[in-house]
Each structure stands twice: as structure tokens, then as C-alpha cells.
Amino acid sequence: MNSRQRVLAALNRQPVDRTPVCNPTSVATVELMDLVDAPFPNANREPERMARLAATSYTELGFDSIMPVFSIIQESSALGCKIQWEQKDNWPTVRMREPIWQTADDIRVPDDFLDHPDTRCVTEAIRLLRREYGNEVAIIGKTMGPWSLGYHCFGVEPFLLLSLDNPGQTKLCLDRMKEATIRFGLAQIEAGADALTLPDHATGDLVSAQYYARYLRDLHIEFAERLKVPIILHICGRTVDRMPYIAETGMAAFHYDSKNGPEESMAICRDRVALVGNINNPETLFSKGPEAVRAEVVRNLEAGVNLVGPECAIPLQTAIENLKEIPRAVRDWHNDRARIN
Amino acid sequence: MPELHDIANEFIRQEIDEFIERPDERARIIGLFAKASEQMQAIAAALIDGDHETVDRLTAEAIAAGVHAMEVMDDGLIAGMAIVGIKFRQNFIFVPEVLSCARAMKAGMVHIEPILSAAGIEKLGKVIMGTVKGDLHDIGKNLCIMMLRGAGFEVIDLGVDTSQDRFIDAIEEHGANILGMSALLTTTMPNMGKTIEAFIDAGLRDDIRIMVGGAPVTQDFADEMGADGYGKDALACVSLAKQFAGKA
Ligand code: B12
Numbered sequence: 017m018n019s020r021q022r023v024l025a026a027l028n029r030q031p032v033d034r035t036p037v038c039n040p041t042s043v044a045t046v047e048l049m050d051l052v053d054a055p056f057p058n059a060n061r062e063p064e065r066m067a068r069l070a071a072t073s074y075t076e077l078g079f080d081s082i083m084p085v086f087s088i089i090q091e092s093s094a095l096g097c098k099i100q101w102e103q104k105d106n107w108p109t110v111r112m113r114e115p116i117w118q119t120a121d122d123i124r125v126p127d128d129f130l131d132h133p134d135t136r137c138v139t140e141a142i143r144l145l146r147r148e149y150g151n152e153v154a155i156i157g158k159t160m161g162p163w164s165l166g167y168h169c170f171g172v173e174p175f176l177l178l179s180l181d182n183p184g185q186t187k188l189c190l191d192r193m194k195e196a197t198i199r200f201g202l203a204q205i206e207a208g209a210d211a212l213t214l215p216d217h218a219t220g221d222l223v224s225a226q227y228y229a230r231y232l233r234d235l236h237i238e239f240a241e242r243l244k245v246p247i248i249l250h251i252c253g254r255t256v257d258r259m260p261y262i263a264e265t266g267m268a269a270f271h272y273d274s275k276n277g278p279e280e281s282m283a284i285c286r287d288r289v290a291l292v293g294n295i296n297n298p299e300t301l302f303s304k305g306p307e308a309v310r311a312e313v314v315r316n317l318e319a320g321v322n323l324v325g326p327e328c329a330i331p332l333q334t335a336i337e338n339l340k341e342i343p344r345a346v347r348d349w350h351n352d353r354a355r356i357n
Numbered sequence: 459m460p461e462l463h464d465i466a467n468e469f470i471r472q473e474i475d476e477f478i479e480r481p482d483e484r485a486r487i488i489g490l491f492a493k494a495s496e497q498m499q500a501i502a503a504a505l506i507d508g509d510h511e512t513v514d515r516l517t518a519e520a521i522a523a524g525v526h527a528m529e530v531m532d533d534g535l536i537a538g539m540a541i542v543g544i545k546f547r548q549n550f551i552f553v554p555e556v557l558s559c560a561r562a563m564k565a566g567m568v569h570i571e572p573i574l575s576a577a578g579i580e581k582l583g584k585v586i587m588g589t590v591k592g593d594l595h596d597i598g599k600n601l602c603i604m605m606l607r608g609a610g611f612e613v614i615d616l617g618v619d620t621s622q623d624r625f626i627d628a629i630e631e632h633g634a635n636i637l638g639m640s641a642l643l644t645t646t647m648p649n650m651g652k653t654i655e656a657f658i659d660a661g662l663r664d665d666i667r668i669m670v671g672g673a674p675v676t677q678d679f680a681d682e683m684g685a686d687g688y689g690k691d692a693l694a695c696v697s698l699a700k701q702f703a704g705k706a
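Right under this line is the structure:
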């Protein structure tokens, strides 16, 4: 199997020669930026640099996938949000204190949404990557879900208060914003993405599991139906309480956070949705050494997690050595097992 | 010692019974409400329910009827917020619910603040809060601010992406002696340490007490940077501030 076949098989919960290593969010680090001369903020705005930085996850780190969207704001920028693009050492971000929408009636997904430089950058980067690596590595795109777009376009607090005050209006907002999710997703599939990450931050750190069921389950079912490549749902933070719902959506995979144990998560998801994750970012990848990384990789493998990788966008100052340890540990574990059997 | 049945308001009794599990907290909260009038209990109940219109109305009525503003604040609003904080910490409620309680708190404070400031009644202390440079996560910081205000502190919120200079300027401008910094990114955590150094360079470090928090921050990290305290949640933030203000 090559990397692409391995990732696609694992996303479909089919047999693999070894567990693939994958980060469906972002692998950008300052070290990698220097290595290929693709620093932020340029790597978030220029297709060639974006593709070059993304490719390092395969060429330098030995992961089985390439994911060119390092941030969560490309489409929000195209929708009209004000963006702080930051510098090499930080991620760009939406100025959520200056919301662009107040009610469902304000919501407009512009006709030329996909021609905006910041959405185009992503589709162009995917085209470049497809051409260069398309047969060997899985190219993963990213389209933000309507809940996260709600934070960006309405501001987090107004949006969360709306969800409590007026569920009908909230549903209407989500339904209108979902067009951005679908259009951007389809454009990336068209450009050559093998799979899509779909972050939608309805995390247990912010909202209850009932919220997920009330507002997002049906929309996520719809995404899984309409976007005809494997979809990897990403929600960071505590999510075990909503995994039973997520497992029913028809999403191919769920990218889960280290706040949830691999064993308890697998017990819920097994046979229904593949799991991707969940190496801890701040405490392990960023602060500890390869030994600690290896221990978390092994724990995921022992639990039967389908694709192993960091829990979320890795901290930009993470050492390359720690990241390289992930595929190394996966290979060693599989070799040991082969020897024993 | 007061017991649960000493509290007249049924909603409050139920809330305590269902959500306040730790014996020490249970005793403290029952004590708080047992001494509160029925009218104040009703204000607290509406606040816990996130019903800002009722809090607005009941607070205005109480003030008009001659209840002291301090009593409304302590026995109504702050007592209600104490239950909200614990429910949130224990995951019985989530951020939207806390935001709605904070909105209710604000609706009550609108009536109380002018009276307290006209009477020159001192707040527990003055706190400057902000999320550090390069970081735009503010939900946790905002919850801390709500709980600090809910506990009787005056808080100046510098928002997100706050530079060292803005922290320093704010301390000087407002004459505050407590500073709280929040960071949610490993990339921005070091900016807490840099801000502390900037206070040392400006010769102001000894005048203030600094607390830090945010998901990736730890006690060790806080010690290493030379902060005076680390708080893992909004309730811890309030106890630190009280300790710094000598009101613990
Ligand atoms: C919501 C969220 C967002 C929202 C932020 C909205 C907002 N206005 O705040 C959005 C979606 C916009 C977002 C964006 C990003 N995020 Co984010 N986000 C989160 C998430 C899911 C929850 C954070 C939260 O609000 N928690 C709830 C609150 C209540 O908890 P809290 O903040 O910890 O606060 C409590 C305590 O810590 C304490 N506290 C907080 N401050 C203070 C201060 C003092 C003085 C004291 C005493 C106590 C205290 O009290 C609070 C109340 O109890 C976390 C995951 C997680 N589980 O933490 C990721 C997370 C923080 N994000 C992460 C990342 C990577 C990002 C992005 C870079 C993503 C990207 N690729 O672009 C951007 C950052 C942009 C930027 N420059 O800031 C990573 C950070 C990794 C790292 N450590 O470096 C996390 C940890 C996810 C992960 N598992 O990797 N994010």
C-alpha cells in the first residue's frame, strides 16, 4: 500500500498494512517554514508557499497525508470577516470583536466566494499538490462547518447567546451558513482533495452534547451525504459525551482530542466512525520528548485507533524530532507485532 | 448551622440540592441564602435561570422599595453567581448558559452601580484583565471577568491581543494593583513572562500582584515566569483576586 491507499482505506475502516499517520488540521511549524522558505503569513495566502509548507508533512515528517490549510479562517476572510494575518510565529485569526452579521437576514455567501484570493489560495494549493503528490499521498482539504463560521461571523458570545435565546433563528443561521461549507468543500474536491476535514467547534468545553444533537447532527449528516469524499469531522476538547451522535452522522472519521481517552472513544466509535488522533499538543508534542510521544502513539494503536496523529493544529514551535517520532513509533509497533505473531 | 429547609425559595433549594455537591461549598451556599430575604432569593433565582428581564425588574423594585444596594448585590446577584460558577465548573451548565447569567447580572448591576459609586462604596478591589498579545481566545477570560464582577470586584477588560504596553498603561491609568493574564496558545504563553519582565523593567512589578490562567498554563509555568498565582478556572481566579486584595 502507498500512503494514499493506506489513508483512504483507514478512513473507510478497511484493512491496512499499517496504521496511517495523519494530521487533518495543521502540521505547520516554524522549523518547517524555515526549511522550505514558506513562512506565515505568506504560506496562508500564496498557493505555492501553502503547498510547499503542507508537503513537508510527507517529505520531511513521513506522514501519510498532506493538508494545506493551516488556519481556520480562509473562508471567513472570503465572507468578509476582518483578519489579523499575524507573523511567522502565530496563526492568523478573525477579529471576532467586529462581527459582520447580527441576524439570519444578514447572511450572504457572495457569488464570487470561491474566487476570493483566500479561498482560491486553498483550491490552487490543492491542485498543485494533486499534480505533484496525488498518486502517492492523500491530499486532505478543509472546509469549516457552520457552527465555527457562526463564531467568526457573529462573534462567539453573541452567537452562543443567540443559540440559547432563539433556537429557531440559530437553526436558520446555520442552514444559511452551511452553503459556504458545501461550496468550499465541493471546490476542493473538484481541485483534487481525497478527503475533507470539517471543523465545527461544538466542543464540550463550550456547549452541551444536547446542543450537538439539536443543532448539528442533521447538518453533519447532510454534509456527509453531499460532499462525496470521506469527511473527517474535527472538534477539539471534551467530546466523549457527543461521540454517540457523531458516530451516527455517516462521517467517515472523527478527529479527536487528548482530553478523551483512546479506549473509551473507541468503545463508542468502533465500527461506526473511524477515529483520528489524539497525541496531546501542548503537554506532549510541544513540551516533552520523543519517548512521551511514542507512549501516546502506542496507546492509540493498542486501542485500535484508525489513524494516528496530533490532536489538533500542532503548536508552531513544536520540534521536528517529536513529529518524526509519530510515524517511527507506528512502524516499530507494527514490526514488533509482526515479529510476535 | 443553617439547613437547606431554612431557605424559603423552592427553586434555590432545588438548585443547591441537585448541583452543589462538595460539603464545604454546600454549607457556604446554604449559609449565604439562609440569611437572604425572600425578595433577594427571588433575584438570585432569576439570575441562575438566566432571566435578565426578571432580574432587571426585581432589582429595580427592590431598590425602589428601599432595600440597600449592597444587600441586593451581595444577597441577590453575587449569591446567585456563586451557584452559577459551581454549576459551570462541574459541567452541569455550559458557556451559553453562563453568558446568559452574566447578562442577567449586568441587568441588575445597572441599577446598583450608580448608587454604590455615588455613595463612594469601595469595591473589593480593582483588577485589570486581558488576553496576551497574539491570542484571540477570550471566552475563558470573559467568564473570569464575569465571576470577578459577580464577586464584587471592579474589572477593567483590555480585551484580546493585549500588548505589554497596554497592560502597563492600564495599571498606571486605573491605579489597579491586580493583573490577570489569559493565554490559550502555546505560541502566546511566553508573552505572559515577557509582560512580567516589562513590569520589572518599568519598575512597577512590586506594586502589583499578577495571576495567570488559560488551558495550557500550569502552576509550574506560572512559577517559572514569576507570576504570583495560577488559577485553573474562574472560581480559582476569584479566590486568587480575593487573596491578593486581602479579602480572602
Ligand atoms: C473555542 C476555541 C477557539 C475559538 C475561540 C473563540 C474565542 N473568542 O475565544 C476559535 C474557533 C476562534 C479558535 C481559534 C483558534 N484556536 Co482554538 N480553541 C478553542 C477551544 C475549543 C476551547 C477554548 C475555550 O474557550 N474553552 C472554554 C473556556 C471556558 O476555558 P478556558 O479558556 O480554559 O478558561 C478557563 C480557565 O482556563 C481559566 N482561565 C482562563 N483565563 C484565565 C486567566 C486567569 C488570570 C485565571 C486565573 C484563570 C483563567 O478560567 C476559565 C473559566 O473556567 C480550545 C480547545 C480546548 N479544549 O481548550 C481550542 C484551542 C485553545 N485552540 C487551539 C488552536 C490551535 C487555535 C487556532 C490557532 C486554530 C487555527 N489553526 O487557526 C486559532 C487561534 C487563533 C489565535 N491567534 O488566537 C489549540 C491551541 C493549541 C496550543 N496549545 O497551542 C486548542 C487547545 C485546541 C487543541 N486541542 O489543540 N479556538
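Sequence order for the protein chains is C and F.
Per my numbering, the very first residue in the first sequence carries number 17; after that it's consecutive.
Per my numbering, the very first residue in the second sequence carries number 459; after that it's consecutive.
Ideal Cβ positions, reconstructed from N, Cα and C, are used throughout, including at glycine.
Note that the structure is predicted; figures quoted are calculated from it, not measured.
Is there a Cβ of chain C sitting closer than 8 Å to that of residue i, yes or no?
i: S558 of chain F; result: yes
i: E473 of chain F; result: no
i: G592 of chain F; result: yes
i: G538 of chain F; result: no
i: F477 of chain F; result: no
i: E519 of chain F; result: no
i: V553 of chain F; result: yes
i: I506 of chain F; result: no
i: S603 of chain F; result: One point to set straight first is that residue 603 of chain F is Ile, not Ser, in the sequence displayed. Chain C contact via Cβ: absent.
i: I586 of chain F; result: no
i: I544 of chain F; result: no
i: I597 of chain F; result: yes
Counting only beta-carbon atoms, is residue i nearer than 8 Å to chain F?
i: L190 of chain C; result: no
i: P331 of chain C; result: yes
i: E2 of chain C; result: Beyond the ends of chain C as shown, which are 17 and 357, falls residue 2 of chain C; an answer cannot be given.
When we look at the beta-carbon of residue i and count the other beta-carbons within 10 Å, is it buried (16 or more) or exposed?
i: G201 of chain C; result: buried
i: L356 of chain C; result: Per the sequence shown, the amino acid found at residue 356 of chain C is Ile instead of Leu. The residue in question, I356 of chain C, is exposed, as its Cβ has fewer than 16 Cβ neighbours within 10 Å.
i: D210 of chain C; result: buried
i: E152 of chain C; result: exposed
i: G157 of chain C; result: buried
i: G633 of chain F; result: exposed
i: T41 of chain C; result: buried
i: T119 of chain C; result: exposed
i: R258 of chain C; result: buried
i: Q30 of chain C; result: exposed
i: A575 of chain F; result: The residue asked about is misnamed: residue 575 of chain F is Ser in this sequence, not Ala. Under this definition S575 of chain F is an exposed residue.
i: R20 of chain C; result: buried
i: S92 of chain C; result: buried
i: A523 of chain F; result: exposed
i: Q548 of chain F; result: exposed
State yes or no: is the C-beta of residue i nearer than 7 Å to some heavy atom of the ligand PLP?
i: N18 of chain C; result: With respect to the ligand PLP, the structure shown offers nothing to examine, as its ligands consist of the ligand B12.
Margin query: So if I threshold CB-CB distances at 9 Å, which residues from the segment 97-115 of chain C count as touching chain F?
Written below: Those residues of the segment 97-115 of chain C that come within reach of chain F (Cβ to Cβ, closer than 9 Å) are Q100, E102, Q103, D105, N106, W107, T109, V110, R111, M112 and R113.
Check: Would you call the segment 193-202 of chain C and the segment 164-175 of chain C touching, i.e. three or more CB-CB distances under 8 Å?
Finding: yes
Note to self: Threshold first: 4 residues or longer. Then list the alpha helix (DSSP H) segments lying entirely within the segment 462-496 of chain F, N to C.
What the structure shows: Counting whole runs of 4 or more residues, the segment 462-496 of chain F contains the alpha helix (DSSP H) stretches 468-477 and 481-492.
Next item on the list: May I ask you to verify whether the segment 314-334 of chain C touches the segment 272-286 of chain C, counting CB pairs closer than 8 Å and requiring at least 3?
Entry: yes
Note to self: Tell me which residues of the segment 293-304 of chain C have at least one Cβ-Cβ distance to chain F shorter than 9 Å, keeping chain order.
What the structure shows: Answer set for the segment 293-304 of chain C: N297, P298, E299, F302 and S303.
Margin query: Does the structure place the segment 565-574 of chain F close enough to the segment 610-617 of chain F that three or more beta carbon pairs sit under 8 Å?
Written below: Taking 8 Å as the limit for Cβ pairs, the verdict is that the segment 565-574 of chain F does not touch the segment 610-617 of chain F.
Notebook entry, point to check: Are the segment 67-84 of chain C and the segment 332-343 of chain C touching by the rule of at least three beta carbon pairs closer than 8 Å?
Noted result: Flag = yes, the segment 67-84 of chain C and the segment 332-343 of chain C touch.
Next item on the list: Using a Cβ-Cβ cut-off of less than 8 Å, give me the residues of the segment 171-190 of chain C that come near chain B, in sequence order.
Entry: Note that chain B does not occur in the displayed structure, where the protein chains are C and F.
Check: For the segment 220-244 of chain C, which residues have a CB atom closer than 7 Å to at least one CB atom of chain F, in sequence order?
Finding: L222, V223 and S224
Note to self: What are the residues in the segment 634-663 of chain F lying within 8 Å of chain C by C-beta distance?
What the structure shows: L643, T644, T645 and T646
Notebook entry, point to check: Name the residues in the segment 608-627 of chain F whose C-beta lies less than 9 Å from a C-beta of chain C; which are they?
Noted result: G617, V618 and D619: these are the residues of the segment 608-627 of chain F whose beta carbon lies less than 9 Å from some beta carbon of chain C, given in chain order.
Next item on the list: Run through the segment 184-212 of chain C for me and flag every whole alpha helix (DSSP H) of 4 or more residues, listed as ranges in chain order.
Entry: none
Notebook entry, point to check: Counting Cβ pairs, one atom from each stretch, are 3 or more of them under 8 Å apart for the segment 675-695 of chain F and the segment 558-567 of chain F?
Noted result: no
Note to self: Would you call the segment 345-353 of chain C in contact with the segment 463-481 of chain F, where contact means no fewer than 3 C-beta pairs closer than 8 Å?
What the structure shows: No, they do not touch.
Notebook entry, point to check: Considering only residues of the segment 19-71 of chain C, which uninterrupted alpha helix (DSSP H) runs meet the minimum length of 4 residues and lie entirely inside it, listed in chain order?
Noted result: 19-27 and 46-52
Notebook entry, point to check: Do three or more CB pairs link the segment 656-667 of chain F to the segment 614-627 of chain F at distances below 8 Å?
Noted result: yes
Notebook entry, point to check: If you pair each beta-carbon of the segment 45-57 of chain C with each one of the segment 178-194 of chain C, do three or more pairs fall below 8 Å?
Noted result: Two segments are said to touch when three or more pairs of C-beta atoms, one from each, lie closer than 8 Å; by this definition the segment 45-57 of chain C does not touch the segment 178-194 of chain C.
Notebook entry, point to check: Using 8 Å as the threshold, is the segment 174-183 of chain C in touch with the segment 240-251 of chain C, meaning 3 or more CB pairs across them?
Noted result: no
Check: Hey, is the segment 56-69 of chain C in contact with the segment 128-146 of chain C, meaning 3+ C-beta pairs nearer than 8 Å?
Finding: With three or more CB-CB distances shorter than 8 Å, the segment 56-69 of chain C counts as touching the segment 128-146 of chain C.
Next item on the list: Check distances from the C-beta atoms of the segment 664-676 of chain F to those of chain C and list, in chain order, the residues that come in under 7 Å.
Entry: P674
Next item on the list: Could you pull out every unbroken alpha helix (DSSP H) segment of at least 4 residues lying fully inside the segment 147-176 of chain C, listed in chain order?
Entry: 162-170
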